[in-house]
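Written below as structure tokens is the structure these notes are about.
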Amino acid sequence: MGTLLRFGAWRIMIYTNDHGPAHVHAVGPDGRAKIALNCPDGPVLPVDIRGVDPGTVRKLVALIEQELVGLCATWRSIHGHP
């Protein structure tokens with residue numbers, strides 16, 4: 272699947288060939304992060320961070336929290352489970 276959200280140079284994506292539990296991938300210019308959605312109500316938690324400073328991680332998590340309902344719905348439509 273393509274980019275679902277953008278945060279500056281960061282792209283938030285759900286891969287169609289991925290596995291549960293529900294999560295998104297944030298890919299940026301200098302790093303990447305896998306962030307668990309814990310659908311349907313969170314909490315949104317970073318689970319694998321590489322090359323991303325803590326401030327950016329907090330901002331990515333906040334953005335994903337704001338969009339959690341839609342991201343969980345997208346995950347379900349692709350993978351069929353939360």
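Residue numbers for the sequence shown follow our numbering, beginning at 272 and rising by one. Each residue gets a CB set at the ideal place from its N, CA and C atoms; glycine is no exception. Here the structure is a predicted model, which means the values were calculated and not measured.
- DSSP lists HIS296 and ASP319 as the bridge partner or partners of LYS305.
- In the DSSP assignment, ILE335 falls within the unbroken alpha helix (DSSP H) covering 325 to 337.
- Annotated three-state conformation of ILE285 is coil, per DSSP.
- Cβ-Cβ separation between ILE306 and ILE335: approximately 6 Å, consistent with a contact (criterion under 8 Å).
- Contact annotation: HIS296 and ARG303 have beta-carbon atoms nearer than 8 Å.
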